[in-house]
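Worksheet: the structure to be examined is printed underneath.
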Amino acid sequence: MSKELRRQVGRLLRQGPRVLPIVQAGDPVLRRVAEPYDGQLSDELFAELVEAMRLTMHDAPGVGLAAPQIGLGLALAVAEDEGSAGDDGEDDDPRERTALPFRVLVNPRYEVVGEQRVPFFEGCLSVDGYQAVVARPHRVRLHWADAAGRAQVEELSGWPARIVQHETDHLNGVLYLDHADLRTLSSNENLAAADDED
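Okay, so the sequence shown: first residue is 1 according to full-length UniProt numbering, each after it adds one.
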């Protein structure tokens with residue numbers, strides 16, 4: 001698999017780090033458990049891949065991107081969110097969308113902390129144009145290796161916890177629709193129109 005993985009990454013990055021195509025639901029890579037990363041790529045190729053994933057995430061725009069979303073069955077994701085305050089500038093956002101600084105998540109896994117689950121609309125770059133309500137654990141303890149291979153552990157809550165759960169799910173062949181209340185599935189346009197009416 002390592003040789004084939006290097007070929008795949010080489011094809012993706014033929015022109016250097018750039019915005020990459022995002023695969024959509026129905027592509028088999030999104031339903032496979034990703035191969036753990038254990039140094040299959042050279043440091044240079046790994047850094048180029050991470051940069052291409054960061055560029056792709058920002059261009060989409062999104063707050064996270066897992067390697068399967070660019071067609072690679074590798075346990076790697078990137079995440080970043082500037083966060084937001086409530087509409088009136090106060091910190092009353094029920095989503096608790098606090099900033100999540102850019103991070104590279106190698107072989108991430110999480111443990112649920114506590115029993116609180118919070119339902120919110122969630123979307124996915126690989127299910128383009130749609131959102132649905134997903135009830136996710138409010139707080140998780142995330143374990144991962146950073147880009148340098150150092151083990152990391154952090155407890156996250158609110159929207160950052162949701163982001164890392166979503167991206168980790170991708171690495172296990174799970175889409176947010178698998179957890180969603182499908183009766184709430186809505187196009188982004190219909191959801192925006194409903195918000196405008198409120």
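Idealized CB from N, CA, C, for every residue including glycine. Here the structure is a predicted model, which means the values were calculated and not measured.
- Scanning G83, R31, E197, T98 for the CA closest to the CA of A67 turns up R31.
- For V9, the uninterrupted alpha helix (DSSP H) segment begins and ends at 2 to 12.
- Excluding its 5 nearest sequence neighbours in each direction, Q40 has C-beta neighbours in its own chain below 6 Å: S2, L5, listed in chain order.
- Here DSSP, grouped into helix, strand and coil, assigns D81 to strand.
- Per DSSP, reduced to three states, the secondary structure at P101 is strand.
- Straight-line measurement puts the Cα of R141 at about 28 Å from the Cα of E48.
- Listed in chain order, the beta strand (DSSP E) runs fully inside the segment 134 to 183 are 139 to 145, 151 to 157, counting runs of at least 3 residues.
- About 5 Å separates the beta carbons of M53 and V78, which is inside the 8 Å limit, making them a contact pair.
- When the beta-carbon positions are compared, V113 and R136 stay at least 9 Å from each other.
- Excluding the 5 residues flanking it on each side, Q116 has same chain C-beta neighbours closer than 6 Å at H138, in chain order.
- With distances taken between CA atoms, F121 lies nearest to L182 out of G26, L182, Q15, G16.
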